[in-house]
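There are 2 protein chains.
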Amino acid sequence: MTTPLAPGSTIGILGGGQLGRMLSVAASRLGFKTHIFEPSANPPAADVAAKVTTASYEDADTLRAFAETVDVITYEFENIPTSSLDLLESLRPIHPNREALRISQDRLTEKTFLAELGLSTAPFANVESEVDMTAAVAEIGTPSIMKTRRFGYDGKGQSRLKSAEDAAQALADMQGAPAVLEGFVNFSCEISVIAARSADGQVSAFDPGENVHRDGILHTTTVPAKVPARLLTDAVLMAGRILNALDYVGVLGVEFFVTPQGLVINEIAPRVHNSGHWTQNGCTCCQFEQHIRAVAGWPLGDGNRHSDVVMENLIGDDMDRLPELMADPACALHLYGKADVKPGRKMAHVNRIVSG
Amino acid sequence: MTTPLAPGSTIGILGGGQLGRMLSVAASRLGFKTHIFEPSANPPAADVAAKVTTASYEDADTLRAFAETVDVITYEFENIPTSSLDLLESLRPIHPNREALRISQDRLTEKTFLAELGLSTAPFANVESEVDMTAAVAEIGTPSIMKTRRFGYDGKGQSRLKSAEDAAQALADMQGAPAVLEGFVNFSCEISVIAARSADGQVSAFDPGENVHRDGILHTTTVPAKVPARLLTDAVLMAGRILNALDYVGVLGVEFFVTPQGLVINEIAPRVHNSGHWTQNGCTCCQFEQHIRAVAGWPLGDGNRHSDVVMENLIGDDMDRLPELMADPACALHLYGKADVKPGRKMAHVNRIVSG
């Protein structure tokens, strides 16, 4: 048995955005302090953290000083430089582990890993050159989508191919970055599973949610998903297979396309996930607490759903709707404390309780 | 209509204990920063607050500097010196208001106020001298209980009279402090109501909970209370009458004795209350968020109960039970981040979900 981290210990969190903010709040519930490491000034998590370090992920001295103040390290964000992780890992335990991060940082590595586990993904091909591109279009066909292998999120670093004529433009859009060409998946909807694995290998999953995107950004997650029960079970089992294969500790988000042939994995995220925010008002133990429990070596909490929820992201000037939302008793609001409203910026989310 | 405080604003909180800590977390959910004012170093709320000031409540310069950094002031604790409140009130709005605080700071004033509202209390008499004491014992009889008029909490500042022979000792126990002698109330159980009133006069109450004390400190609160529905309605109506009479803004705790003659008010607390901690896992909007909403001029949230809960305080070495409690999926833990375990010290609470 793992020895649980004692209350009063400090959890280091790489990244101080809204995920770090909500992780920090969950950590406080279990008696932990948090220390946030974040390159930008005044990040959302700073308002609810015991300590904040503002420095670049490349600043080795500051990373070392940070590590020395914490008992365990986790992250809200997967695009952390490898050299920084090497340094941190030499000083303190990092959960989820380096292997999970390595795999999810690169779309090609991730899809190869999933395929080797026997899990379905969109057809994919590696593209590093014009020659690769020609071969990839021949193999994958169109419509298809080019994505940078690394650093893509919320639809960034992507280019669509309606036909083979778009190939040159799509390659140019990658600006020389290694990329994958992904085949078009004919799906009826997208669902995701937020699953957790403890240090002792206990696995638990929240009910799958149904996701709707707008402009490449998650718009709503609805729980329960209106998808045949058999597919929901498949989704949970597939998430569990990934967790065990990675000897994973923490919360993992897995996005699936629902197709006539069953589930196809879109991508995995080695962290708490926007599509799991509904758990804050749908479950006794939310995804943030579940992650902190796992990272701290505690047993997992109760992730059973007590209420049906529609989570909606409030993006940019969606915040103009705040007066109406704050007066709606069905709406549980979660604001991120960001000073500036910008188009496309996630400012808050609302969990609308649709039954109890 | 009141203009709601804008997200990004700062709420000043007097007192940095566990109530301040949980208020601070609730404030973050609504996009507010908090600034804690607390005399002792490293208070529980400091881990989750944007700013902390460590100074005495008598330090006028520091109080003034504190007030100038915040948009509105509230408190977790009612025993704040009157002169400090006068100063703060001249600089920023304080909710709940001075009148609520004045009344609840003094048991005699409080009981007189409740009696004038037509609400039942234990029989009481003012005691400032031996002459008063003799008259009080003659009027109230025994068994009865002496309590200091001010600064009592968790059973402190109290002395029991089994018979008239205990009168001299009880008076001596008050150490010269003004006191009241309260008659014995023959009650079957204690319940409490946590109620809220918004700046616009909207009133909402959480379901009444049934309280069990041990050694003068709250041990458990069980919701729903096993008390006739008529009495639960009475309790909510009485709490509402108090809120309206005080033009109150914020959350108020009201403790009642359940007697064969109906409800008798034990005391009121002009703040979030230990017997309302169950709302964190029983309601969409907990007492802490409800208080922040009211103080910020927002509409009240949804305080309907979605789960039955037994809240238990973990006091002193109750913390030895942590390994068992963290592994029990029915238990939602809330730790206060206090470094030292001391006998009688509230360290944490657990909300046990008994149905969903």
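Chain order of the listed sequences is S and Z.
Under UniProt numbering, the residues of the first sequence are numbered 1 to 356, in order.
Under UniProt numbering, the residues of the second sequence are numbered 1 to 356, in order.
Note that the Cβ used here is the ideal one computed from N, Cα and C, for glycine as well.
- Between histidine 219/S and the set Lys51/S, Leu314/S, Gly12/S, Ile353/S, the nearest pair of CA atoms involves Leu314/S.
- At a cut-off of 8 Å between C-beta atoms, lysine 342/S does not count as an interface residue with respect to chain Z.
- The beta-bridge partner set that DSSP reports for glutamine 158/Z consists of Lys147/Z.
- When C-alpha distances from alanine 330/Z are compared across Pro343/Z, Tyr336/Z, Asn351/Z, the shortest belongs to Asn351/Z.
- Shown here, threonine 121/S sits in a strand according to DSSP, grouped into three states.
- A contact between stretches requires three or more CB pairs, one per stretch, nearer than 8 Å, and the segment 24–41 of chain S meets this requirement with the segment 281–290 of chain S.
- As DSSP reads the structure, serine 83/S sits in no beta bridge.
- At least one beta carbon of chain S lies nearer than 8 Å to the beta carbon of asparagine 281/Z.
- Chain Z has a Cβ within less than 8 Å of the Cβ of histidine 306/S.
- Beta-bridge analysis with DSSP links tyrosine 75/Z to Leu14/Z.
- The beta carbon of serine 56/S is closer than 6 Å to those of Pro39 in its chain, skipping five residues each way along the sequence.
- The Cβ neighbour count for proline 228/S, taken over all protein chains shown within 10 Å, is under 16; the residue is labelled exposed.
- Within the segment 287–344 of chain Z, complete beta strand (DSSP E) segments of at least 3 residues are found at 308–315, 331–335, given in chain order.
- Here the alpha carbon of proline 44/Z sits roughly 26 Å from the alpha carbon of leucine 300/Z.
- Under DSSP, histidine 35/Z shares a beta bridge with Gly12/Z, Lys51/Z.
- Taking alanine 225/S as reference, the option from Val180/S, Glu130/S, Ala136/S, Arg305/S with the minimal CA-CA separation is Arg305/S.
- A residue is called buried when at least 16 other Cβ atoms come within 10 angstroms of its Cβ; lysine 338/Z meets this threshold and is buried.
- The shortest CA-to-CA distance from histidine 273/Z to any of Leu252/Z, Met238/Z, Val72/Z, Asn281/Z is the one to Leu252/Z.
- The continuous alpha helix (DSSP H) containing asparagine 281/Z extends over residues 279–282.
- At least 8 Å separates the beta-carbon of arginine 107/S from that of valine 193/S.
- Chain Z places no beta carbon closer than 8 Å to that of lysine 346/S, leaving this residue out of the contacts.
- When C-beta atoms of the segment 59–69 of chain Z are compared with those of the segment 255–263 of chain Z, fewer than three pairs fall below 8 Å, so the two segments do not count as touching.
- About 5 Å separates the beta carbon of glycine 303/S from that of serine 204/S, a gap short enough to meet the 8 Å contact definition.
- Serine 129/S and serine 188/S have their C-alpha atoms roughly 33 Å apart.
- The contact set of isoleucine 353/Z on chain S, defined by CB atoms closer than 7 Å, consists of Thr284 in chain order.
- Here leucine 19/S has Glu76, Val272 as same chain residues with Cβ atoms under 6 Å from its own Cβ, once five neighbours each way along the sequence are excluded.
- Neighbours of methionine 326/S across chain Z, judged by C-beta separation under 9 Å: Pro4, Leu30, Arg293, Trp298, Pro299, Gly301.
- Note: arginine 214/Z is bridge-paired with Ile217/Z in the DSSP secondary-structure output.
- About 17 Å separates the beta carbon of asparagine 266/S from that of phenylalanine 151/S, a gap too long to meet the 8 Å contact definition.
- Ranked by how close their Cα comes to the Cα of alanine 332/S, the residues Pro343/S, Asp320/S, Ala296/S, Gln280/S have Gln280/S in first place.
- In this structure, DSSP gives glycine 176/S a state outside helix and strand, which the three-state scheme calls coil.
- The C-beta distance from leucine 88/Z to leucine 63/Z rounds to 6 Å, short enough to meet the 8 Å contact threshold.
- Phenylalanine 113/S sits in a helix when the DSSP states are folded into three classes.
- Between the alpha carbons of glycine 316/S and methionine 347/S lies a distance of about 6 Å.
- Using a CB distance below 8 Å, no part of the segment 67–96 of chain Z faces chain S.
- A Cβ-Cβ distance of about 5 Å is found for the pair threonine 142/Z and leucine 161/Z, placing them in contact under the 8 Å criterion.
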